[in-house]
Amino acid sequence: MYKVINKERLHEIIYSMWIEAPEVASSVQPGQFIILMITEKGERVPLTVADFNRERGLIRIVFQIVGKTSEE
4 MYKVINKERL HEIIYSMWIE APEVASSVQP GQFIILMITE KGERVPLTVA
54 DFNRERGLIR IVFQIVGKTS EE
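Mapping of the sequence shown onto this note's numbering: position 71 corresponds to residue 74, and the numbering continues sequentially without gaps.
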């Protein structure tokens, strides 16, 4: 499991999250996406990587609340 470093509300239903994921940050390329699962048995949600910091091992996702899973 990865650790959420920062969660920021950008707009009423739009959020930004920085996640500590060194393995992903070391090889991610612009335009790629990750599969996010809130729990081990939860729904698989594809999200585009909006930004990354290879040196710190961080990736950033920006998402909009559209249903139960994204609200969690």
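Ideal Cβ positions, reconstructed from N, Cα and C, are used throughout, including at glycine. Source: prediction; values computed, not measured.
Exercise. Do isoleucine 41 and leucine 50 have their C-beta atoms closer together than 7 Å?
Worked result: Taking the first residue of the sequence shown as position 1, residue 41 is located at position 38. Taking the first residue of the sequence shown as position 1, residue 50 is located at position 47. It is not a contact, given that the beta carbons lie outside the stated cut-off.
Exercise. Could you give the C-beta distance for isoleucine 68 and valine 52, rounded to a whole number, given that I count them as a contact under 8 Å?
Worked result: Taking the sequence shown and counting its residues from 1, the one referred to as residue 68 is at position 65. Taking the sequence shown and counting its residues from 1, the one referred to as residue 52 is at position 49. At roughly 19 Å, the Cβ-Cβ gap does not stay under 8 Å, so isoleucine 68 and valine 52 are not in contact.
Problem set entry | Contact set for arginine 57: own chain, Cβ-Cβ below 7 Å, skip 5 residues either direction | The residue you call residue 57 lines up with position 54 of the sequence shown. Same-chain partners within the cutoff: Ala28 and Ser29.
For this session: Assign valine 27 to one of three DSSP states: helix, strand, or coil.
Result: Numbered from its first residue, the sequence shown carries residue 27 at position 24. Valine 27 falls in the helix class under three-state DSSP.
For this session: Evaluate isoleucine 62 with the Cβ neighbour count: other Cβ atoms within 10 Å of its Cβ, from every protein chain shown; 16 or more gives buried, anything less gives exposed.
Result: For this step, residue 62 is matched to residue 59 along the sequence shown. So isoleucine 62 counts as buried.
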